[in-house]
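Step one of this worksheet: look at the structure below.
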Amino acid sequence: MATKQKKNKISLALRPISEHRIRITRILVQVISFGLINGAVFGLGRMAVILPIEYPTGGPFSTVWNAFEALQYAVTFGMFPYLAISIFILVGTIFGKTTCGWICPFGATQDMFSYIPIKKKKVSRPTNKSLGKVGLVLVVFIILMSVIIGASWANSDPHTKTAWGAGRDMPFSTIDPVSTIFATLYYYLKWGIQGESVGAEIGQWEFLFFLRLAILLFVLVLITLYPRAYCRWFCPTGIILGFFSKFSILGLKINKNRCTSGCNDCEKACPVQVSILSYDKNITDKACTNCGECIDACKEGALKITLRF
Amino acid sequence: MSSVIMNTRSRIYVIFFLSIGLIFLLTAIVQNQIDHYAAIKTFTEANIIDFLDTYTTGFPRPPPFT
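These protein sequence lines are chains A and B, in that order.
Just so you know, we're using our numbering here: the first sequence kicks off at 1 and counts up by one.
Just so you know, we're using our numbering here: the second sequence kicks off at 310 and counts up by one.
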């Protein structure tokens, strides 16, 4: 009798863990990934490895290349970005947007901001869909801009891109909030402590720096109010991966036979507002990051992460 | 994890994308594109100062970066 009571007590104590087992696993994976991506701080070497994540390649401790930066870095030098595109296609087709939900450092940052105890807001489904197109326009614009820079570099004699200013190698990274938070602010504060930047004459700051800070502030407010807002509406990496994630091998599956109560808990838990119940079997929404919040929320066990091939 | 059968149309898309991805990857290897990205291995080379300019433009910087 005493043993049974003890067992009940243990299972009661462990219930919060078992109810959020995927979230806990994901947080662990995010922490380990963040450590490895910033491996230079532990003495890991920088590598020419490309990952579809939002993190500045020029970050102080970064060990890997951001695939979208790699794409721009090739195009602005007049090369066709075979390597960057192959990474997007292969990772997107096999894992979908799993890297966004489980590995991306800015995805983890957005999750951290979503834990701030402020009432979260949701947008209507049509607005959510329309805002997703903003990112698509952004991707097309940046690639076009990179092509123009690359063409001008290839045709200039001698080869120079100085006329294009700070964005000559990677145009988007000059205003990217992720680069601002993980690289620009670090260098600004580091050099400021050395007496060069912080407290310098305001005339020495250029418009670009203020623009970067304004965009970062806007994005931070947005991700605090709307979970994963940058991820679903503006992130170029997520937009490109989303195109392939529709057919990804790894993804979510719903078993409608088990889904009987009509509680809608899965859709309420989804941070990117996927209409999970509108799918019959495989959830193929391009916004889904396979984060597993819906699986944790479903008391009937109707949702699973599966191999769908 | 259980396995679910994908419909034929999606399966064709998967095979098509995987093939394109592999062809592009092989092309990148043949063209030695990896060398283009290998410059990031150290932050001490002169071209990396140019690379970091993307992140550090807009505020006063110490001598090697100005």
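Note that CB positions come from ideal geometry on N, CA and C, so glycine has one too.
Give the residues from the stretch 70-100 of chain A that approach chain B closer than 9 Å (Cβ to any Cβ), ordered along the chain.
-> So the close ones are Ala70, Tyr73, Ala74, Phe77, Met79, Phe80, Pro81, Tyr82, Leu83, Ala84, Ile85, Ser86, Ile87, Phe88, Ile89, Leu90, Val91, Gly92, Thr93, Ile94.
Should the stretch 150-170 of chain A be regarded as contacting the stretch 267-281 of chain A, the criterion being three or more beta carbon pairs within less than 8 Å?
-> No, the stretch 150-170 of chain A does not touch the stretch 267-281 of chain A.
Would you give the residue range spanned by the beta strand (DSSP E) that Lys304 of chain A belongs to?
-> Residue 304 of chain A sits at position 304 when you count from the first residue of the first sequence. Secondary structure note for Lys304 of chain A: its beta strand (DSSP E) is the uninterrupted segment 303-307.
Take the Cβ of Gln30 of chain A as the centre, count every other Cβ of all protein chains shown within 10 Å, and call the residue buried at 16 or more, exposed below.
-> Numbered from 1 along the first sequence, position 30 holds the residue referred to as residue 30 of chain A. Gln30 of chain A should be labelled buried.
Run of the beta strand (DSSP E) containing Leu250 of chain A, from where it starts to where it stops = For the purposes of this step, residue 250 of chain A is taken as residue 250 along the first sequence, with counting starting at 1. 250-254 is the extent of the beta strand (DSSP E) around Leu250 of chain A.
Per DSSP, which one or two residues make a beta bridge with Asn282 of chain A?
-> Locating residue 282 of chain A in the first sequence gives position 282, counting from the first residue. Partner(s): A:Lys253.
Reference Leu211 of chain A; option with closest CA among A:Glu293, A:Leu189, A:Phe80, A:Asp176 = One-based indexing of the first sequence puts residue 211 of chain A at position 211. Nearest of A:Glu293, A:Leu189, A:Phe80, A:Asp176 to Leu211 of chain A, Cα basis: A:Asp176.
So, helix, strand or coil for Leu44 of chain A, using DSSP?
-> Along the first sequence, read from residue 1 onward, the residue named residue 44 of chain A stands at position 44. Looking at Leu44 of chain A - three-state DSSP - the assignment turns out to be coil, as it is neither helix nor strand.
Inter-stretch contact (C-beta, 8 Å, three-pair minimum) for the stretch 237-256 of chain A and the stretch 285-305 of chain A | The stretch 237-256 of chain A, when compared against the stretch 285-305 of chain A, does touch it at the 8 Å Cβ threshold.
In chain A, which residues lie with their C-beta within 8 Å of the C-beta of Ile343 of chain B?
-> Your numbering for residue 343 of chain B matches position 34 in the second sequence. Within 8 Å Cβ-Cβ: Ala48, Leu83.
Measure the CB-CB distance between Lys121 of chain A and Tyr230 of chain A and report whether it falls below 9 Å.
-> The residue given as residue 121 of chain A occupies position 121 in the first sequence. The residue given as residue 230 of chain A occupies position 230 in the first sequence. It is not a contact, given that the beta carbons lie outside the stated cut-off.
Flag this pair as touching only if the stretch 113-120 of chain A and the stretch 59-72 of chain A have three or more C-beta atom pairs under 8 Å; answer yes or no.
-> Contact check between the stretch 113-120 of chain A and the stretch 59-72 of chain A: fewer than three CB pairs, one atom from each, fall below 8 Å, which does not count as touching.
Cβ-Cβ separation, Gly330 of chain B to Lys86 of chain A (assumed contact under 8 Å), whole Å | Along the first sequence, one-based indexing puts residue 86 of chain A at 86. Along the second sequence, one-based indexing puts residue 330 of chain B at 21. Reading the sequence as shown, one finds Ser at residue 86 of chain A and not Lys. 5 Å between Cβ atoms; contact.
Taking Cβ to Cβ, would you say Leu222 of chain A is nearer than 9 Å to Lys304 of chain A?
-> Along the first sequence, one-based indexing puts residue 222 of chain A at 222. Along the first sequence, one-based indexing puts residue 304 of chain A at 304. No, the Cβ-Cβ distance between Leu222 of chain A and Lys304 of chain A is not below 9 Å.
Buried versus exposed, by CB contacts within 10 Å (16 or more), Ser156 of chain A | As a position in the first sequence, residue 156 of chain A is number 156, starting the count at 1. Counting of Cβ neighbours within 10 angstroms places Ser156 of chain A among the exposed residues, the total staying below 16.
Per DSSP, which one or two residues make a beta bridge with Trp102 of chain A?
-> On the first sequence, residue 102 of chain A is found 102 positions in, with the first residue counted as 1. According to DSSP, Trp102 of chain A bridges with nothing at all.
Assign Ile358 of chain B to one of three DSSP states: helix, strand, or coil.
-> Sequence index remark: in the second sequence, residue 358 of chain B carries index 49 (1-based). Correct three-state label for Ile358 of chain B: helix.
Do Thr366 of chain B and Phe172 of chain A have their C-beta atoms closer together than 9 Å?
-> The residue given as residue 366 of chain B occupies position 57 in the second sequence. The residue given as residue 172 of chain A occupies position 172 in the first sequence. No.
Starting from the Cα of Ile338 of chain B, find the closest Cα among A:Leu71, A:Ser278, A:Tyr82, A:Ser275 and give me that residue.
-> As a working mapping, residue 338 of chain B is identified with position 29 in the second sequence. Relative to Ile338 of chain B, the option among A:Leu71, A:Ser278, A:Tyr82, A:Ser275 whose CA is nearest is A:Tyr82.
Count the other C-beta atoms from every protein chain shown that fall within 10 angstroms of the C-beta of Asp111 of chain A, then say buried if there are 16 or more, exposed otherwise.
-> Along the first sequence, read from residue 1 onward, the residue named residue 111 of chain A stands at position 111. Buried, by the Cβ-count rule.
Extent of the continuous alpha helix (DSSP H) to which Lys133 of chain A belongs | Residue 133 of chain A sits at position 133 when you count from the first residue of the first sequence. Where Lys133 of chain A is concerned, the enclosing alpha helix (DSSP H) stretches over 125-155.
Considering Thr289 of chain A, what are the terminal residues of the alpha helix (DSSP H) in which it resides?
-> Residue numbering aside, residue 289 of chain A sits at position 289 when the first sequence is read from its first letter. That residue, Thr289 of chain A, is in no alpha helix (DSSP H); it is neither H nor E in DSSP.
By Cβ distance, which residues of its chain are closer than 8 Å to Thr63 of chain A, with the 5 residues on each side in sequence left out?
-> Within the first sequence, residue 63 of chain A is the residue found at index 63, counting from 1. When the five nearest sequence neighbours on each side are left out, the beta carbons in the same chain lying within less than 8 Å of the beta carbon of Thr63 of chain A are those of Leu36, Ile37, Asn38, Gly39, Ala40, Leu44, Gly45, Arg46, Met47, Val49, in order along the chain.
Check the Cβ-Cβ distances between Thr317 of chain B and every residue of chain A, and say whether any is below 9 Å.
-> For this step, residue 317 of chain B is matched to residue 8 along the second sequence. No - not a single Cβ of chain A is within 9 Å of the one on Thr317 of chain B.
Measuring only between beta-carbons, confirm whether Thr57 of chain A sits less than 9 Å from chain B.
-> The residue you call residue 57 of chain A lines up with position 57 of the first sequence. At least one chain B Cβ lies under 9 Å of Thr57 of chain A.
Consult DSSP for Trp205 of chain A and reduce its assignment to one of helix, strand or coil.
-> Counted from its first residue, the first sequence places residue 205 of chain A at position 205. Coil at Trp205 of chain A, not helix or strand.
Taking Cβ-Cβ distances shorter than 7 Å, what residues in chain B pair up with Ala183 of chain A?
-> Within the first sequence, residue 183 of chain A is the residue found at index 183, counting from 1. Close to Ala183 of chain A, with beta-carbon spacing below 7 Å, are these residues of chain B in chain order: Tyr364.
Proximity winner among A:Phe61, A:Tyr55, A:Leu216, A:Ile215, relative to Phe42 of chain A (alpha-carbon distances) = Mapped onto the first sequence, residue 42 of chain A falls at position 42. Ranking A:Phe61, A:Tyr55, A:Leu216, A:Ile215 by Cα distance to Phe42 of chain A puts A:Phe61 first.
Beta-carbon proximity of Gly301 of chain A to Trp233 of chain A, cut-off 9 Å | Here residue 301 of chain A refers to the residue found at position 301 when the first sequence is read from its first residue. Here residue 233 of chain A refers to the residue found at position 233 when the first sequence is read from its first residue. No; because the gap between Cβ atoms is not below 9 Å, this pair is not in contact.
Under a Cβ-count criterion, where at least 16 other Cβ atoms within 10 Å of its own Cβ denotes burial, should Leu51 of chain A be classed as buried or exposed?
-> Within the first sequence, residue 51 of chain A is the residue found at index 51, counting from 1. Flag for Leu51 of chain A reads buried.
Identify which residue in A:Ser261, A:Lys281, A:Ser146 has its Cα closest to the Cα of Thr76 of chain A.
-> On the first sequence, position 76 is the one that residue 76 of chain A refers to. Selected option, being the one with the closest Cα: A:Ser146.
Where Asn66 of chain A sits in the DSSP three-state scheme | Here residue 66 of chain A refers to the residue found at position 66 of the first sequence. It is a strand residue.
Quick one: using the 10 Å Cβ neighbour count with 16 as the cut-off for buried, is Ser311 of chain B buried or exposed?
-> As a first step, residue 311 of chain B is located in the second sequence; it is residue number 2 there, counting from the start. Below a pLDDT of 50, predicted positions are generally treated as unreliable, and Ser311 of chain B, at 48, falls in that range; the measurement from the model is reported next regardless. That one is exposed.
Test item: CB-CB of Asn293 of chain A and Arg21 of chain A under 9 Å | As a position in the first sequence, residue 293 of chain A is number 293, starting the count at 1. As a position in the first sequence, residue 21 of chain A is number 21, starting the count at 1. The residue asked about is misnamed: residue 293 of chain A is Glu in this sequence, not Asn. No, these two residues do not count as a Cβ contact at 9 Å.
With a threshold of 16 other CB atoms inside 10 Å of the CB of Lys97 of chain A, please say whether the residue is buried or exposed.
-> Locating residue 97 of chain A in the first sequence gives position 97, counting from the first residue. The residue is buried, with at least 16 neighbouring Cβ atoms inside 10 Å.
Among A:Thr109, A:Val91, A:Gly192, A:Ile295, nearest to Glu19 of chain A - alpha-carbon criterion = Position 19 of the first sequence, counting from 1, holds the residue named residue 19 of chain A. The residue with the shortest Cα to Cα distance from Glu19 of chain A is A:Ile295.
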